[in-house]
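Laid out in structure tokens, this is it:
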């Protein structure tokens, strides 16, 4: 089936089987491999992307369902080679080790802080509870997200 | 695993969606948010030959509060319920229960209709539907009908829907402002499937005694169920410490959970008693 949607600000046309997930479409057809596959059944959150402003599990969405949508992946969160405030905060707080969960953490946190720049620690933990990390123990991730709030309150917007 | 092969259609009218489902003699499935269905496909527990996406069918995503009822269209998402300010007073039990559904990303896609049609025994929305005596409006090639929640859930992942029927909306009876209610659920992380949960409400007569008690539980049976024995403990009594103790015991005694990898039957039995106890305590507070 032909699908047309916007990814990181660019319109793309792809020809896909209906059963192809959005995650696999992004990774294989568009070579945007920043979106990771951990469980492929909607538990781990490593595949999180932003569709029409909302964080979603791209392994649970079909590419054909993205027709007409605006999708933002982790690659689309930076304008250039500089780190965004959220990325810089992850670096500062050692919020990643192997990095496998990180794209999902970043997109989820970005979606959260874009809507709720005043989110407190409990809210950040609640929202990130849908993303699994085997390395860090989560504390550094929560610290990084909280520390990045200032940038969102100043209405610094990245490409999303 | 990767998903099994299927055809896909996204009709723009409800009648077309029904016709598509009917055309495959039970081999077609409707898809809404996909948050329950796609994992089933990924595990190859289901292999429909056609998915009928409801996302372009109009008028299925309304939340309507009136004097008579609260109506949730089948495509209403959990985040829509979360964001609806009117529901906090129009149906506080619904709002409290839905706060426990899934995780952030799933809440942006998962729907009321999808949860009801999927009928997981531990899911909150079916629990609320049964507790509140909701009506589920559906349409299929035989026409439209309304199914009472008590008749809708037949077993784990089994409902009274015939293969070409689509849920259109769920109707919850209007909520009187002075009603007492409580919702308690236990899961390892909030958003995981409930190991046991209780949704309950009661009204009070002029002397403060409970009446019209409705006590529903999830996670302890093959479908959500009301506990008549607990309702009988509450009706006609003031809900005090003693009544709550009796209700807790009645709850534990009246369920027959099985052992599974998440909890033993004995644990669930005890847990449901505690959930009822805490829900009643919050109802009186």
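Residue numbers (our numbering), protein chains in the order written: chain L, 1 to 160; chain C, 1001 to 1285. In this text, a Cβ means the ideal position worked out from N, Cα and C, and glycines have one as well.
C-alpha gap between residue i and residue j, whole angstroms
{"i": "residue 1168/C", "j": "residue 1060/C", "result": "6 Å"}
{"i": "residue 32/L", "j": "residue 103/L", "result": "12 Å"}
{"i": "residue 1006/C", "j": "residue 1267/C", "result": "41 Å"}
{"i": "residue 1187/C", "j": "residue 1194/C", "result": "5 Å"}
{"i": "residue 109/L", "j": "residue 87/L", "result": "10 Å"}
{"i": "residue 1091/C", "j": "residue 143/L", "result": "36 Å"}
{"i": "residue 1068/C", "j": "residue 1175/C", "result": "9 Å"}
{"i": "residue 107/L", "j": "residue 89/L", "result": "14 Å"}
{"i": "residue 149/L", "j": "residue 78/L", "result": "17 Å"}
{"i": "residue 1071/C", "j": "residue 36/L", "result": "38 Å"}
{"i": "residue 1124/C", "j": "residue 145/L", "result": "30 Å"}
{"i": "residue 1132/C", "j": "residue 1172/C", "result": "7 Å"}
{"i": "residue 1074/C", "j": "residue 1170/C", "result": "7 Å"}
{"i": "residue 105/L", "j": "residue 9/L", "result": "21 Å"}
{"i": "residue 1146/C", "j": "residue 13/L", "result": "42 Å"}
{"i": "residue 1277/C", "j": "residue 1097/C", "result": "16 Å"}
Own chain residues within Cβ distance below 8 Å of residue i, not counting five before or after
{"i": "residue 1102/C", "result": "1035, 1078, 1110 and 1191"}
{"i": "residue 1107/C", "result": "1077, 1078, 1079, 1082 and 1101"}
{"i": "residue 131/L", "result": "44, 45, 46, 48, 101, 104, 105 and 108"}
Three-state class that DSSP yields for residue i in the structure shown
{"i": "residue 1089/C", "result": "helix"}
{"i": "residue 1044/C", "result": "coil"}
{"i": "residue 89/L", "result": "helix"}
{"i": "residue 1247/C", "result": "helix"}
{"i": "residue 1214/C", "result": "strand"}
{"i": "residue 1004/C", "result": "coil"}
{"i": "residue 1120/C", "result": "coil"}
{"i": "residue 1011/C", "result": "coil"}
{"i": "residue 1027/C", "result": "coil"}
{"i": "residue 70/L", "result": "strand"}
{"i": "residue 1111/C", "result": "strand"}
{"i": "residue 1226/C", "result": "strand"}
{"i": "residue 1313/C", "result": "The structure shown has nothing for residue 1313/C, since chain C only spans 1001 to 1285."}
{"i": "residue 1016/C", "result": "helix"}
{"i": "residue 1209/C", "result": "coil"}
{"i": "residue 159/L", "result": "Unreliable positioning characterises residue 159/L in this predicted model, as indicated by a pLDDT of 47, which lies under 50. A coordinate reading is not provided."}
{"i": "residue 78/L", "result": "coil"}
{"i": "residue 1185/C", "result": "strand"}
{"i": "residue 138/L", "result": "coil"}
Residue i CB to nearest heavy atom of the ligand HEM below 8 Å
{"i": "residue 1250/C", "result": "Within the structure as shown, the ligand HEM is missing, as the structure has no ligands at all."}
Other residues of its chain near residue i: CB distance less than 6 Å, five sequence neighbours each side excluded
{"i": "residue 1200/C", "result": "1182, 1215 and 1279"}
{"i": "residue 1094/C", "result": "1128"}
{"i": "residue 153/L", "result": "117"}
{"i": "residue 34/L", "result": "73, 74, 75 and 103"}
{"i": "residue 1229/C", "result": "1250 and 1254"}
{"i": "residue 1121/C", "result": "1156, 1222 and 1223"}
{"i": "residue 1282/C", "result": "1182"}
Within 9 Å, strictly: CB atoms of residue i and residue j
{"i": "residue 1141/C", "j": "residue 1009/C", "result": "no"}
{"i": "residue 1225/C", "j": "residue 1233/C", "result": "no"}
{"i": "residue 63/L", "j": "residue 20/L", "result": "yes"}
{"i": "residue 55/L", "j": "residue 112/L", "result": "yes"}
{"i": "residue 47/L", "j": "residue 58/L", "result": "yes"}
{"i": "residue 1148/C", "j": "residue 1166/C", "result": "no"}
{"i": "residue 1177/C", "j": "residue 1089/C", "result": "yes"}
{"i": "residue 1100/C", "j": "residue 1185/C", "result": "yes"}
{"i": "residue 1126/C", "j": "residue 1223/C", "result": "yes"}
{"i": "residue 1198/C", "j": "residue 1130/C", "result": "no"}
{"i": "residue 96/L", "j": "residue 136/L", "result": "yes"}
{"i": "residue 1076/C", "j": "residue 1112/C", "result": "yes"}
{"i": "residue 140/L", "j": "residue 1189/C", "result": "no"}
{"i": "residue 1119/C", "j": "residue 1159/C", "result": "yes"}
{"i": "residue 41/L", "j": "residue 1058/C", "result": "no"}
{"i": "residue 127/L", "j": "residue 1104/C", "result": "yes"}
Residue i classed as buried or exposed, judged by whether at least 16 other C-beta atoms fall within 10 angstroms
{"i": "residue 1012/C", "result": "exposed"}
{"i": "residue 11/L", "result": "exposed"}
{"i": "residue 1275/C", "result": "buried"}
{"i": "residue 1053/C", "result": "buried"}
{"i": "residue 1207/C", "result": "exposed"}
{"i": "residue 5/L", "result": "buried"}
{"i": "residue 1252/C", "result": "buried"}
{"i": "residue 1114/C", "result": "buried"}
{"i": "residue 1043/C", "result": "exposed"}
{"i": "residue 115/L", "result": "exposed"}
{"i": "residue 61/L", "result": "buried"}
{"i": "residue 28/L", "result": "exposed"}
{"i": "residue 1150/C", "result": "exposed"}
Cutoff 7 Å; reference residue i; Cβ partners in own chain excluding five residues on either side
{"i": "residue 1049/C", "result": "1006, 1007, 1024, 1027 and 1028"}
{"i": "residue 1164/C", "result": "1018, 1021, 1022, 1140 and 1141"}
{"i": "residue 1237/C", "result": "1209, 1210 and 1243"}
{"i": "residue 1265/C", "result": "1257, 1258 and 1259"}
{"i": "residue 125/L", "result": "142"}
{"i": "residue 25/L", "result": "14, 16 and 63"}
Min CB distance residue i to chain D below 9 Å
{"i": "residue 111/L", "result": "Any reference to chain D falls outside this structure, whose protein chains are L and C."}
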